[in-house]
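First comes the structure, then the notes that go with it.
Numbering (UniProt numbering), first residue to last: 1 to 514.
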């Protein structure tokens, strides 16, 4: 285990709780000490939910440590069964219950004998997986449980719908702009005359999961959650799936083509023969609904040519934004990275050739050092990169979770679909300090103060400013002082100089032409 004051992905039980609270009439119970139930407050605040989060903490305290947990956990399961009448109760372990080596599976089996609700144990290894991986595994486990049960009861109807339909898998609570993306996907599929069989887990009912095989195929908008479920359905029920994220004009078109190709193949073997040319739809949407293609050719976007950026986030969003910046907007990406280390190979494959450097890490300090060394014109990352950008005075557009409440917007801001291309173009353009803005900052000093501010993270390690150079730096007008300081330090590092003198300052000025 590694202790840190910032984590890009939380502990495994948070992922399980997110999946459970996304379904309707499902209750989650976690065996944990007091304080681990912050998920309830977090979801109510960020998602602005009017109802209480269906999650209960079975508290580990001194009495449990002395007597064991079985009675308390079983009693809590039966109490929630009586009070809430849920369709399903999920018992999730935590690091604490794992340390205590509690046999929670046995507790579930005991409670299942008496409970009217279905009860399952979230089978995730809290020492091996994080929040994202646990959410993916829990969703697959719930789907498998209900389909296996329906198959045993001979209640499984595998006849597909009369018209082409899809399941959207992976939309769930606390996801980055997931609710807006879901609305955009609904509209996109409706325009393509493709029905929606089910959307899970958000707003789905576990008793309806037996209807999943009726869809013609599965659409997985985000790799982080839903891919395991799609692979299971493909293996057991021969259901094809599309995992191309429809983000950015190029990948939206590719996703639509893949959907139509799968449907045409399936339709050729049935009475519902259909062959629809999707190219006119793609062309019309790209030219008239999405403004991003036009914007990328405009003088405003061309002003971004030559500016360099850094992208960091989950694998899905970081890869998509990198390709949009480089391929669709002509913006240079100096470094692209992700904290999803378990999906590193896919990420590298997707962005190969679209950036100079690839960074795979979940260490925020390493990301901060990389950004400080690159000195990009803009950052596109998580809330952590936004904080780093503030310290370095570099603008940041937030493109991935984890995020603060300001990124759970009340307005409609999808990242997927053709409307999403407009939102992303706005985000990218507004994240740069451009033209007149730079000029005004130089004139009025922006938000600088009179003091010499050291906003670097760890890039000035080993560098020493002697008293004369510090005095010389203080004479420089404050609105350019920080820029001079950074460029001088960059020059010193490049030349292997450890002590910065007035002579070094003038040499740096001559080298950079400032």
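Every residue gets a Cβ at the ideal spot worked out from N, C-alpha and C, and that includes glycine.
- When only Cα atoms are considered, residue 462 and residue 499 end up about 8 Å apart.
- Per DSSP, the unbroken beta strand (DSSP E) holding residue 309 starts and ends at 308-313.
- Of the candidates 510, 276, 338, 125, 338 places its Cα closest to the Cα of residue 359.
- Scanning its chain for C-beta atoms nearer than 7 Å, with the 5 sequence neighbours on each side dropped, one finds around residue 320 the residues 245, 247, 248, 251, in chain order.
- Looking at the backbone, the Cα of residue 385 and that of residue 412 are separated by about 24 Å.
- Inter-residue distance for residue 105 and residue 117 is about 16 Å (C-alpha atoms, whole angstroms).
- The bridge partners DSSP lists for residue 338 are 313, 360.
- Around the Cβ of residue 410, a 10 Å sphere holds fewer than 16 other Cβ atoms; the residue is exposed.
- In the structure shown, residue 245 falls within a coil segment according to DSSP collapsed to helix, strand and coil.
- Per DSSP, the continuous alpha helix (DSSP H) segment holding residue 427 begins and ends at 417-431.
- Under the three-state reduction of DSSP output, residue 198 falls in the strand class.
- For residue 397, the uninterrupted beta strand (DSSP E) run begins and ends at 396-398, by DSSP.
- Residues 232 of the same chain have their beta carbon placed closer than 7 Å to that of residue 144, with the five preceding and five following residues left out of the count.
- Rounded to the nearest whole angstrom, the CA to CA distance from residue 401 to residue 287 is 30 Å.
- In this structure, the straight-line span from the alpha carbon of residue 473 to that of residue 383 is close to 32 Å.
- Residue 133 and residue 23 have their alpha carbons spaced roughly 18 Å apart.
- Take the alpha-carbon of residue 13 and the one of residue 122: they are about 9 Å apart.
- With fewer than 16 neighbouring CB atoms inside 10 Å of its own CB, residue 306 falls in the exposed class.
- Between the segment 291-300 and the segment 419-430 there are three or more inter-stretch CB-CB distances shorter than 8 Å, so the stretches are counted as touching.
- With 16 or more other Cβ atoms from the protein chains shown falling within 10 Å of its own Cβ, residue 69 counts as buried.
- Bounds of the beta strand (DSSP E) holding residue 167 are 165-171.
- In the DSSP assignment, the residues bridged to residue 24 are 205.
- Between residue 52 and residue 219, the alpha-carbon positions lie close to 30 Å from each other.
- Residue 188 sits away from residue 196, with the two beta carbons spaced by 8 Å or more.
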